[in-house]
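**Q** There's a structure below that I have some questions on.
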Amino acid sequence: MTSPGAIAAGTSGTTEPPGPLPAHRTRRAGHARRHRRPVVLLTFSALIAAALAVPLVFLLIEAKGAGAGTVLDLIFRSLTWQLLWNTVRLTVVVTLLCAIIGTAAAWCVERTDLPGRRIWAVLVVVPLAIPDFVVSFGWFSLWSWVQGFKGAIIVLTLAVYPLVYLPVSASLRSADPGQEEVARSLGVRRISTFLRVTLSQARGAILGGCLLVALVLLAEFGAFEILGYQTFTTEIFTEFNAANIPAACALSLVLVLISLVVLAGEGSMRGRGRVARTGPMAQRKIPPAKLGKARWPVLAGFTVLALLALGVPVGASVYWMFDSGSPGLTGGVPLLTAALTTAEYGVLAGAAATVAAFPVALLAVRHPGRLRMMLERSTYLVLAMPGVVIAFALIYFTERYTSGLGNNTAPLLIVCYAIMFFPLALVGVKASLARAPVKLDEMAASLGQARLAVLCRVTLRLAGPGLMAAFCLVFLSVVTELTATLLLIPTGVQTLATQFWEYQSNLSYGQAAPFALVMIAVAAAPSYLLGRFFDRSSASRG
Amino acid sequence: MKQLAISGLRKAFGPHRVLADLDLEVPAGSLTAILGPSGSGKTTLLRIIAGFDLADGGTVMIGDRVVDSDRVHVSPEHRRIGYVPQEGSLFPHLTVAANVGFGLRARQRRGQRTKDLLAAVGLSDLGRRYPHELSGGQQQRVALARALAIEPAMVLLDEPFASLDAHLRASVRSDVQQIFRDAGTTALLVTHDQDEALAIADHVAVLRDGRIAQHSTPQYLYSEPADSGIAKFIGDANLLDGVRHGDFVETALGRLRAEGPSAAGSQLVTVLVRPEHIELRPAAGDAGPAGWVVDCEYYGHDAVLRVQLKGNGDIAPIIVRTAGDHQLPPGSPVTLRPKGQVRTWPR
Numbered sequence: 003m004t005s006p007g008a009i010a011a012g013t014s015g016t017t018e019p020p021g022p023l024p025a026h027r028t029r030r031a032g033h034a035r036r037h038r039r040p041v042v043l044l045t046f047s048a049l050i051a052a053a054l055a056v057p058l059v060f061l062l063i064e065a066k067g068a069g070a071g072t073v074l075d076l077i078f079r080s081l082t083w084q085l086l087w088n089t090v091r092l093t094v095v096v097t098l099l100c101a102i103i104g105t106a107a108a109w110c111v112e113r114t115d116l117p118g119r120r121i122w123a124v125l126v127v128v129p130l131a132i133p134d135f136v137v138s139f140g141w142f143s144l145w146s147w148v149q150g151f152k153g154a155i156i157v158l159t160l161a162v163y164p165l166v167y168l169p170v171s172a173s174l175r176s177a178d179p180g181q182e183e184v185a186r187s188l189g190v191r192r193i194s195t196f197l198r199v200t201l202s203q204a205r206g207a208i209l210g211g212c213l214l215v216a217l218v219l220l221a222e223f224g225a226f227e228i229l230g231y232q233t234f235t236t237e238i239f240t241e242f243n244a245a246n247i248p249a250a251c252a253l254s255l256v257l258v259l260i261s262l263v264v265l266a267g268e269g270s271m272r273g274r275g276r277v278a279r280t281g282p283m284a285q286r287k288i289p290p291a292k293l294g295k296a297r298w299p300v301l302a303g304f305t306v307l308a309l310l311a312l313g314v315p316v317g318a319s320v321y322w323m324f325d326s327g328s329p330g331l332t333g334g335v336p337l338l339t340a341a342l343t344t345a346e347y348g349v350l351a352g353a354a355a356t357v358a359a360f361p362v363a364l365l366a367v368r369h370p371g372r373l374r375m376m377l378e379r380s381t382y383l384v385l386a387m388p389g390v391v392i393a394f395a396l397i398y399f400t401e402r403y404t405s406g407l408g409n410n411t412a413p414l415l416i417v418c419y420a421i422m423f424f425p426l427a428l429v430g431v432k433a434s435l436a437r438a439p440v441k442l443d444e445m446a447a448s449l450g451q452a453r454l455a456v457l458c459r460v461t462l463r464l465a466g467p468g469l470m471a472a473f474c475l476v477f478l479s480v481v482t483e484l485t486a487t488l489l490l491i492p493t494g495v496q497t498l499a500t501q502f503w504e505y506q507s508n509l510s511y512g513q514a515a516p517f518a519l520v521m522i523a524v525a526a527a528p529s530y531l532l533g534r535f536f537d538r539s540s541a542s543r544g
Numbered sequence: 041m042k043q044l045a046i047s048g049l050r051k052a053f054g055p056h057r058v059l060a061d062l063d064l065e066v067p068a069g070s071l072t073a074i075l076g077p078s079g080s081g082k083t084t085l086l087r088i089i090a091g092f093d094l095a096d097g098g099t100v101m102i103g104d105r106v107v108d109s110d111r112v113h114v115s116p117e118h119r120r121i122g123y124v125p126q127e128g129s130l131f132p133h134l135t136v137a138a139n140v141g142f143g144l145r146a147r148q149r150r151g152q153r154t155k156d157l158l159a160a161v162g163l164s165d166l167g168r169r170y171p172h173e174l175s176g177g178q179q180q181r182v183a184l185a186r187a188l189a190i191e192p193a194m195v196l197l198d199e200p201f202a203s204l205d206a207h208l209r210a211s212v213r214s215d216v217q218q219i220f221r222d223a224g225t226t227a228l229l230v231t232h233d234q235d236e237a238l239a240i241a242d243h244v245a246v247l248r249d250g251r252i253a254q255h256s257t258p259q260y261l262y263s264e265p266a267d268s269g270i271a272k273f274i275g276d277a278n279l280l281d282g283v284r285h286g287d288f289v290e291t292a293l294g295r296l297r298a299e300g301p302s303a304a305g306s307q308l309v310t311v312l313v314r315p316e317h318i319e320l321r322p323a324a325g326d327a328g329p330a331g332w333v334v335d336c337e338y339y340g341h342d343a344v345l346r347v348q349l350k351g352n353g354d355i356a357p358i359i360v361r362t363a364g365d366h367q368l369p370p371g372s373p374v375t376l377r378p379k380g381q382v383r384t385w386p387r
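Going down the list, the sequences are from chains A and B.
According to our numbering, the stretch in the first sequence is residues 3 to 544, in order.
According to our numbering, the stretch in the second sequence is residues 41 to 387, in order.
What follows is the structure, given as structure tokens:
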């Protein structure tokens with residue numbers, strides 16, 4: 003054992019032998035004194051944002067090709083108003099319902115002594131793994147009255163409310179629970195504490211979740227097709243299939259415009275709700291709110307929610323599979339092939355989207371600024387582009403600007419997925435980077451680590467679980483994607499979703515059911531992992 | 041021999057000037073404290089020295105190597121400066137040993153050197169633990185060992201004891217002082233706590249208005265502050281108005297001996313009387329200015345009383361430090377008698 007004195011023998015309180023600095027270690031003055039600009043990051047991010055803008059560019063080029071007069075005529079017709087009314091009223095009602103259900107469920111799971119909280123935390127999220135069109139298949143195949151506006155409200159609310167639940171529960175977990183105690187100690191009653199303190203803590207998360215819900219609704223196709231509810235997206239699909247490109251473009255432009263309004267509204271509200279936090283960031287465990295007698299109705303509510311959101315689609319699939327009246331599955335081989343294809347696409351697209359999201363997220367988190375925020379924001383516009391538009395844009399681009407890919411459209415499909423689900427990946431990657439504070443990077447740099455080493459040894463290690471979560475989110479979405487897959491799938495290849503769609507379109511419910519079940523199973527695994535990830539991140543803070 | 045030399049350092053955030061032509065030299069092997077109130081730019085200064093932030097102008101030299109100037113900016117990883125931030129900033133995904141060995145070359149990380157460093161900070165047994173399993177003081181010592189591991193040219197400490205409990209602070213403080221003394225490493229510490237600066241540093245530099253207002257040993261700083269502002273910032277101080285004639289000064293506490301040269305004739309001055317330089321007697325009628333106790337803060341080993349002088353209602357109560365054995369409730373009549381020489385500044 004050496005003495006402490008020997009440890010720092012290299013320094014021993016004297017100056018270092020100076021020696022000339024290698025040229026690459028110093029920077030020229032011009033760069034040294036100005037603000038450091040993350041040039042590489044900016045370049046990558048700009049390229050990615052540009053790639054994401056391809057569908058929009060396609061829309062505008064096509065609209066221009068069709069001529070302004072034609073497009074305006076196509077927009078200002080009664081069909082448009084009908085579609086607008088259908089889309090807007092559904093979006094408003096479902097978003098509202100999702101906000102209520104998602105927030106209430108999140109609060110009960112995170113802040114109360116609800117029995118079986120860990121199980122509910124998983125059961126409440128799993129419906130996200132069930133494709134919307136499987137949910138509507140489940141409801142519609144059992145009860146044919148579930149259709150139209152009424153049916154769409156039921157089905158879509160149950161399918162997408164986890165999009166509010168997830169961010170809200172995460173924010174409730176990280177928010178300071180002491181604020182609730184302070185409010186109570188100041189004589190504010192429990193209900194108003196919830197409204198004035200808890201809700202305002204979670205406001206950003208609720209709004210963010212609602213934004214996602216609204217945008218998902220605007221782009222939904224399969225569920226509405228089954229329920230016979232006409233929205234912009236279903237109409238665009240019809241027009242595209244009828245090769246009526248100008249009409250499809252005109253409708254898409256309106257759809258993008260609506261999505262822009264949603265984005266802008268969310269953005270302007272978010273700016274007002276800053277949460278200040280004084281004192282150390284250490285987390286305390288506080289006793290959860292006691293539900294008392296309210297426990298039973300709350301438990302009943304969770305049970306009903308799980309039955310409706312999870313039980314009905316799964317139950318319907320199981321029912322049709324064993325229903326003697328309909329033809330059953332003809333051998334397991336097509337099922338296995340389709341599952342493998344789906345998994346392959348999911349892994350590739352998940353990796354592509356996560357890798358692409360990394361520089362944009364890094365830029366947004368580490369180098370905030372107006373331009374960079376706009377760059378990041380612009381990528382969310384993709385959410386407003388229905389898969390059908392993105393798919394057609396890619397087909398159009400490869401046909402016009404390359405010699406074409408022939409029948410092998412699989413790479414194009416991967417790219418399409420990566421673009422569609424980029425915003426999801428971005429949300430996950432940003433959250434993961436928040437767990438890797440810049441201070442630790444600085445620490446590593448001061449210990450003599452070069453930038454790449456810092457990235458590998460600190461940033462990626464800390465962000466790793468979150469990156470995995472982002473990857474899972476994309477994988478999940480790919481498994482349950484239908485619209486773009488229908489358009490871009492190579493001839494003769496089937497994914498779970500397309501095979502399911504083919505069978506259910508032919509009313510072969512017995513044959514469709516196994517595919518629905520496998521889709522649920524394949525997508526449920528990552529969603530379980532996601533739940534675990536969020537769980538662990540709360541445990542490590544506690 | 042100086043280890044750190046800063047000259048003309050400037051830094052502004054927008055219109056807000058933080059550092060204005062700051063000059064500072066730190067002798068090799070010393071422990072120097074930068075003392076300044078919150079928001080005085082202490083952390084900014086450290087971050088510039090560490091290379092995390094860019095200065096607007098001026099030069100920084102470590103040893104004889106220029107690391108910041110108009111022509112040069114050496115990036116943090118090439119400066120060999122150990123940095124110990126306020127909250128330790130240990131890597132949460134690594135064990136204590138891996139944290140300490142983080143800056144070493146890959147094959148050294150698991151070697152003897154990491155063990156030696158852990159031993160030096162008294163944490164030999166905790167190498168396999170993770171940061172969240174350590175107390176605040178232990179985390180701070182790990183952060184220190186991690187900084188020392190790279191054989192730094194100097195170590196920067198940013199309020200290293202601020203996040204510790206009061207009783208822990210004193211012991212960690214003396215540990216840290218001992219570790220630096222043994223290692224002989226130059227250290228620069230910033231703090232807003234004057235007791236801390238006086239207690240552990242060899243030199244104290246007071247940062248005010250973006251520059252160093254005074255830089256000297258703790259003893260000199262306390263007894264010979266450069267101006268009344270510093271006098272008030274370093275420890276408790278009674279600042280009285282007075283009139284100086286030669287070696288004497290007339291104040292509300294009577295006629296006191298003044299130190300330092302004086303101007304010819306009489307001169308209006310501000311007089312510094314430290315609380316422990318006033319003797320307090322319980323009985324009235326004794327020689328010296330009389331007054332009554334306003335309140336008393338009792339510390340056990342001593343007590344600090346505020347005394348309102350009789351017939352001088354317009355001047356602030358006088359602060360007096362006494363041994364802790366008086367029983368003087370508020371209102372008790374007392375007399376005061378200043379001892380020794382006082383310091384004066386022209387008004």
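Don't be surprised by glycine CBs; every beta carbon is placed ideally from N, CA and C.
Would residue 448/A pass as an interface residue toward chain B - the criterion being a Cβ-Cβ separation below 8 Å?
**A** So, interface residue.
**Q** Counting Cβ pairs closer than 8 Å, one from the region 384-393 of chain A and one from the region 435-454 of chain A, do we hit at least three?
**A** Short answer: they don't touch.
**Q** CB residue 362/A to CB residue 47/A, shorter than 8 Å?
**A** Yes, they are a contact pair.
**Q** Taking the alpha-carbon of residue 96/B as reference, which of 305/B, 356/B, 53/B has the nearest alpha-carbon?
**A** Residue 53/B is the option with its Cα nearest to residue 96/B.
**Q** Within the 8 Å Cβ cut-off, does residue 422/A reach chain B?
**A** Not an interface residue.
**Q** Give me the subset of the region 71-91 of chain B whose CB atoms are less than 7 Å from a CB atom of chain A, sorted by chain position.
**A** Against chain A - using a Cβ distance shorter than 7 Å - the residues of the region 71-91 of chain B are 90.
**Q** Quick one: what does DSSP say residue 243/B is sitting in, helix, strand or coil?
**A** In this structure, residue 243/B counts as strand in the three-state DSSP scheme.
**Q** With three or more beta-carbon pairs closer than 8 Å as the criterion, would you say the region 230-245 of chain A touches the region 77-86 of chain A?
**A** Counting Cβ pairs under 8 Å, three or more are found: they touch.
**Q** Tell me whether residue 278/B sits in a helix, a strand or coil according to DSSP, three-state version.
**A** Strand, per DSSP.
**Q** Just list the beta strand (DSSP E) runs in the region 91-177 of chain B, keeping only unbroken ones of 3 residues or longer that don't cross its boundaries, in chain order.
**A** Here the runs fully enclosed are 97-102, 105-108, 121-124.
**Q** Would you check if the distance between the CB atom of residue 149/B and the CB atom of residue 141/B is smaller than 8 Å?
**A** For residue 149/B and residue 141/B, yes; Cβs fall inside 8 Å.
**Q** Any beta carbon from chain B within less than 8 Å of residue 431/A's own beta carbon?
**A** Chain B, which has no Cβ nearer than 8 Å to the Cβ of residue 431/A, makes this no.
**Q** Could you work out which residue in 330/B, 225/B, 274/B, 226/B is closest to residue 238/B when comparing CA atoms only?
**A** Ranking 330/B, 225/B, 274/B, 226/B by Cα distance to residue 238/B puts 274/B first.
**Q** Flag this pair as yes or no: are the beta carbons of residue 166/A and residue 105/A separated by less than 8 Å?
**A** Against a cut-off of 8 Å, the Cβ pair of residue 105/A and residue 166/A comes out as a contact.
**Q** On the DSSP letters alone, give me the boundaries of the beta strand (DSSP E) that residue 338/B sits inside.
**A** Start and end: 330-338.
**Q** Please decide whether residue 122/B counts as near chain A, where near means a Cβ-Cβ distance under 8 Å.
**A** So, interface residue.
**Q** With 9 Å as the C-beta to C-beta threshold (strictly closer), list the residues of the region 322-345 of chain B near chain A in chain order.
**A** Within the region 322-345 of chain B, no residue has a Cβ that lies closer than 9 Å to any Cβ of chain A.
**Q** Rounded to a whole number of angstroms, what is the C-alpha to C-alpha distance between residue 99/A and residue 324/A?
**A** Roughly 34 Å separates the two Cα atoms.
**Q** Using Cβ-Cβ distances below 7 Å, what residues of the region 350-365 of chain A are close to chain D?
**A** In the displayed structure, chain D is absent; the protein chains listed are A and B.
**Q** When the Cα atoms are used, what is the spatial distance from residue 241/B to residue 380/B?
**A** Residue 241/B and residue 380/B: Cα-Cα distance of roughly 26 Å.
**Q** Would residue 190/B pass as an interface residue toward chain A - the criterion being a Cβ-Cβ separation below 8 Å?
**A** Chain A, which has a Cβ nearer than 8 Å to the Cβ of residue 190/B, makes this yes.
**Q** By the DSSP assignment, the beta strand (DSSP E) with residue 393/B in it spans what residues?
**A** Since the first residue of chain B shown is 41 and the last is 387, residue 393/B is not available in this structure.
**Q** Check each candidate in 48/B, 104/B, 163/B, 116/B and name the one with the smallest Cα separation from residue 219/B.
**A** Nearest C-alpha to residue 219/B: 163/B.
**Q** From which residue to which residue does the beta strand (DSSP E) around residue 386/B run?
**A** Element bounds for residue 386/B: 381-386.
**Q** Determine whether the beta carbon atoms of residue 51/B and residue 88/B lie at a separation below 8 Å.
**A** Yes, they are a contact pair.
**Q** Hey, is the region 126-145 of chain B in contact with the region 419-434 of chain A, meaning 3+ C-beta pairs nearer than 8 Å?
**A** Counting Cβ pairs under 8 Å, fewer than three are found: no touch.
**Q** What is the rounded straight-line gap between the Cα of residue 76/B and the Cα of residue 105/B?
**A** Using only the alpha carbons, I get a separation of about 27 Å.
**Q** Is residue 201/B close to chain A? Criterion is C-beta to C-beta, closer than 8 Å.
**A** So no, residue 201/B is outside the interface.
**Q** Whose C-alpha, out of 249/A, 219/A, 292/A, 121/A, is nearest the C-alpha of residue 260/A?
**A** Out of 249/A, 219/A, 292/A, 121/A, 219/A has the C-alpha closest to the C-alpha of residue 260/A.
**Q** Excluding the 5 residues flanking residue 337/B on each side, which residues of the same chain have their C-beta closer than 6 Å to its C-beta?
**A** If we look at residue 337/B and ignore the five residues flanking it on each side, its Cβ neighbours are 344.
**Q** With DSSP run on the structure shown, which of helix, strand or coil describes residue 173/A?
**A** Here residue 173/A sits in helix by DSSP.
**Q** So residue 441/A contacts chain B; which residues on that side make the cut at Cβ distance below 7 Å?
**A** Ordered by position in chain B, the residues that pass the 7 Å Cβ test against residue 441/A are 125, 129.
**Q** Strictly under 8 Å for the Cβ-Cβ distance: is residue 452/A near chain B by that measure?
**A** Residue 452/A counts as touching chain B.
**Q** Spell out whether any CB of chain B is found under 8 Å from the CB atom of residue 376/A.
**A** It does not; no Cβ of chain B falls within 8 Å.
**Q** Between the region 482-493 of chain A and the region 206-224 of chain A, are three or more C-beta pairs nearer than 8 Å?
**A** The answer is yes - the region 206-224 of chain A touches the region 482-493 of chain A, with three or more Cβ pairs under 8 Å.
**Q** Can you tell which of 374/B, 262/B, 261/B, 260/B has the C-alpha that lies nearest to the C-alpha of residue 349/B?
**A** When only C-alpha atoms are compared, the closest one is 374/B.
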